[in-house]
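The next block holds one structure in the form of structure tokens; read it before the comments.
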Amino acid sequence: MMQEKTSTRSNDSQSIHYNKITLRFPQVIEHIFQEEYFKNSIAQLRAALILVTLIYASFSVLDVYSFPQYASDYLRIRFIYVVPFAIGILILSFTKVFRQIWQGLMFTALIVGCCAIGAKSMYHPENQTYFAGIVITLFSGYIFFKLRFVYATLGGWLIVALFNIVAWSNPNISQEVILNNNFFFISANLIGMFAAYYIETHIRRNFYLNQKLDEEKQFIKELNRSLEETVIERTKELTKAKKIAEQNSSNVTAIIEGTTESIWAFDRNFNILYINQTFKCEFFETFGVWLEPGVNLLRSLTPGLLPLWKKRYDRVLNNEQFTVEDVIPTENGKVYIQVAFNPILRNGKVVGGSCFGNNITSRKLAEIELVKAKERAEQSDRLKSAFLANMSHEIRTPMNGILGFSELLKEPNLTGDQQRIYIDLIEKSGHRMLNIINDIVDISKIEAGLIEINIGDVNVNEQLKYVQTFFKPEAEKKDLHLAFINNHVPDEIIIQTDKDKLYAILANLVKNAIKYTTEGTIQLSYKKHQSSIEFTVKDTGIGIPENRLDDIFERFMQAELVNKIAEQGAGLGLSIAKEFTEMLGGRIWVESKKGKGSTFYFTLPCA
Ligand code: ADP
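In the numbering used here, each residue carries its 1-based index in the sequence shown increased by 3.
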């Protein structure tokens with residue numbers, strides 16, 4: 004826009020429009036020009052008037068010296084008409100009206116001057132001295148009086164015309180004199196016209212160009228002003244935008260620095276462009292390297308991690324957007340992270356990548372826990388179903404025994420032996436029922452937190468001996484040998500514990516040993532440690548598969564769920580034993596080999 008304007012204006016300034024004869028500009032410019040011309044001419048004009056007046060007055064010497072016979076007329080013309088006329092113009096030049104009439108006045112002065120000299124020449128036409136004065140006056144009109152070309156030319160030719168009129172009508176003037184002077188006058192006019200024309204043309208051209216220059220200046224000034232305004236406006240906008248950008252930037256920085264996510268960005272050479280405090284700290288804690296902008300990411304990675312991460316960074320630089328989950332082994336255990344990779348694009352080209360990393364360890368662990376819990380729940384569900392099936396079998400079998408043999412007892416013709424066998428079987432079934440009920444009651448009590456612990460003195464040897472004596476008959480029924488290996492005879496070992504609970508633990512272990520052993524020996528023993536006693540129940544039974552060793556202490560858990568119905572038991576004995584042991588401040592565990600036998604251990608604290 005600016006360029007367009009400038010070029011239009013420079014084209015204008017090249018062509019000057021003025022009348023080729025009068026040299027006048029179009030109306031408005033002409034007016035300005037004349038004002039300007041007057042202003043520039045007035046000083047010279049006054050000087051010219053003074054000079055011409057002085058020169059003209061000084062010619063009076065010539066009047067007196069060369070033409071004493073006409074001196075009085077000459078001096079009259081000189082000092083009564085011409086000199087006062089010139090002085091009058093000079094005085095007028097200081098008035099306001101002069102500016103409107105000065106060209107006319109000077110035109111008149113030219114005519115008056117020439118006429119005065121011409122009149123003197125008429126006194127002695129043969130002596131042509133004074134005609135030279137007309138030539139001088141003509142030249143003054145053209146180049147000295149600041150007359151415009153038109154006025155000077157009109158004046159010049161008017162003088163020539165007047166001269167010819169007067170000269171041809173005067174019989175005293177010879178044809179030769181008239182012709183001679185015409186040559187001089189016409190030549191003077193032509194030269195004067197030529198000079199005046201080109202002087203005025205130049206003055207006008209200068210004026211016009213100055214005018215255009217002023218316009219251009221004004222235009223440029225305006226342009227500058229509007230440019231300045233634009234610059235100020237733009238600066239304001241930019242300052243505002245900068246402020247907003249700064250505000251946004253500080254907001255973004257606050258978010259990025261305030262987040263617990265790790266954030267970093269890198270360029271195509273894998274040099275860090277940006278890294279937040281969280282990632283700096285996490286990287287330092289994990290790898291002992293402090294990252295900063297400018298540091299090379301690849302050089303900061305351990306050789307083990309380098310190939311994998313380089314591959315990921317390369318994918319981002321290939322304009323891929325993706326998320327990965329990773330496990331990083333650290334001194335404090337595994338750290339699970341999730342990283343989102345995003346390419347950074349500028350003008351459609353990938354100039355780097357940005358990463359948002361999240362420590363998802365707690366979420367991951369919760370997920371793993373959840374899966375485990377789900378598995379446990381599923382297993383517990385399976386176990387409960389098995390337990391129910393088992394229970395119905397466990398309860399029905401003795402009940403059927405009791406009811407069936409009670410029915411048989413009603414037979415009137417039973418022998419004494421038969422009755423005893425039936426009563427025996429009813430009793431056995433009753434015991435079996437009682438055992439199950441006891442177990443269920445115990446576990447319910449444990450569950451409800453109703454178990455009470457009664458601590459008192461317990462003689463270990465006595466207690467173990469009692470258990471051996473109690474279960475011996477049951478073992479012998481299966482041709483098993485139940486032994487109590489006493490390493491501490493005759494020591495009396497008394498511990499502070501709950502006697503009933505200790506019995507329940509031992510009884511459960513011995514009962515299981517008898518139940519799961521078909522031949523061999525069952526050994527009861529104990530060891531004294533510094534602050535605990537370690538009890539052992541060892542058998543040569545069926546053993547427990549290695550993968551079930553931990554589970555059997557859980558409620559309703561049985562080592563072999565299949566075929567379990569064949570054996571007695573609800574899967575509660577060991578879990579009761581475990582609960583009791585732990586209540587008394589000890590722990591229980593098992594060592595076993597499938598087909599070889601099992602050894603159950605439990606400890607109790609002792610002073
Ligand atoms: P159960 O009533 O089924 O015996 P327990 O809780 O007492 O319940 O035992 C859990 C499971 O542990 C048993 O079902 C059995 O598979 C295994 N078990 C316990 N004691 C022994 C043992 N001495 N020898 C082999 N397996 C055993």
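Ideal Cβ placement from N, Cα and C applies to all residues, glycine included.
| Check | Outcome |
| --- | --- |
| Considering only the beta carbon of each residue, do G574 and T543 sit closer than 8 Å? | no |
| Of the choices S143, E179, S124, T204, whose alpha-carbon is the least far from that of Y40? | T204 |
| Cβ atoms of G158 and I90: under 8 Å apart, would you say? | no |
| Who are the Cβ neighbours of V153 in its own chain at under 6 Å, not counting the five residues just before and after it? | T25 |
| Say the cut is 7 Å; is the CB of A516 nearer than that to a heavy atom of the ligand ADP? | yes |
| Using the Cα positions of D427 and A369, report the straight-line distance between them to the nearest angstrom. | 56 Å |
| How about Y519: is its Cβ closer than 7 Å to a heavy atom in the ligand ADP? | yes |
| Buried or exposed, going by whether 16 or more other CB atoms sit within 10 Å of the CB of D384? | exposed |
| Go ahead and pull the three-state DSSP assignment for A569. | Unreliable placement is indicated for A569, whose pLDDT of 44 sits below 50; no coordinate value is reported for it. |
| Which parts of the region 43-105 are runs of the alpha helix (DSSP H), unbroken and 4 residues or longer, counting only runs that do not cross its ends? | 63-69, 74-79, 86-95 |
| Is the beta carbon of S303 less than 8 Å from the beta carbon of V319? | no |
| If you draw a straight line from the C-alpha of I456 to the C-alpha of K541, how long is it? | 27 Å |
| Quick one: grab the DSSP three-state call for Q499. | strand |
| Does at least one heavy atom of the ligand ADP sit under 7 Å from the Cβ of G576? | yes |
| When you compare only the Cα positions, how much space is there between L57 and V64? | 12 Å |
| May I ask you to report which of helix, strand or coil DSSP gives E594? | strand |
| Closest to N335 by CA distance: which of D442, I443, L150, F290 is it? | F290 |
| For D542, verify whether its CB is less than 7 Å away from any heavy atom of the ligand ADP. | yes |
| With a threshold of 8 Å on Cβ separation, who are the neighbours of N167 within its own chain once the five nearest residues in sequence on each side are excluded? | I181, N185 |
| Going by beta carbon distance, what residues of the same chain come within less than 6 Å of S595, once the five residues before and after it are set aside? | G546, I547, S601 |
| Classify T606 as buried or exposed, calling it buried when 16 or more other Cβ atoms lie within 10 Å of its own Cβ. | buried |
| Does L294 come out as helix, strand or coil in the three-state DSSP assignment? | coil |
| Under the rule that 16 or more other beta-carbon atoms within 10 Å means buried, what is K481, buried or exposed? | exposed |
| Could you tell me if A569 is buried or exposed, where buried requires 16 or more neighbouring beta carbons within 10 angstroms of its beta carbon? | With a pLDDT of 44 at A569, under the threshold of 50, the modelled position of this residue cannot be trusted; read the value that follows with caution. So A569 ends up on the exposed side. |
| Is A573 close to the ligand ADP? I mean its beta-carbon at under 7 Å from any heavy atom of the ligand. | yes |
| With DSSP as the reference, label S535 as helix, strand or coil. | strand |
| Is I545 near the ligand SAH, judged by its Cβ being under 7 Å from some heavy atom? | The ligand SAH is not among the ligands present in this structure, which contains only the ligand ADP. |
| Whole alpha helix (DSSP H) runs in the region 311-381 with 4 or more residues, listed along the chain? | none |
| Can you tell me the Cβ-Cβ gap for I120 and F188, rounded? I've got them flagged as a contact below 8 Å. | At roughly 12 Å, the Cβ-Cβ gap does not stay under 8 Å, so I120 and F188 are not in contact. |
| Report whether the distance from the Cβ of I555 to the nearest heavy atom of the ligand ADP is below 7 Å. | yes |
| Would you decide whether R590 is buried or exposed? Buried here means 16 or more other CB atoms lie within 10 Å of its CB. | exposed |
| Report yes if the C-beta distance between I259 and N279 is below 8 Å; otherwise report no. | yes |
| Based on DSSP bridge pairs, tell me the residues matched to H484. | T524 |
| Would you tell me roughly how many angstroms separate the C-alpha atoms of T9 and F222, rounded to the nearest one? | At T9 the pLDDT is 42, less than 50, meaning the model places this residue with poor confidence and gives no usable figure here. |
| Distance, Cα to Cα, L20 vs Q214? | Looking at the sequence itself, residue 20 is His, so the reference to Leu does not match. Cα to Cα, H20 sits roughly 13 Å from Q214. |
| Give every residue of the same chain whose Cβ lies closer than 7 Å to the Cβ of N489, excluding the five residues on either side of it in the sequence, and list them in chain order. | N464 |
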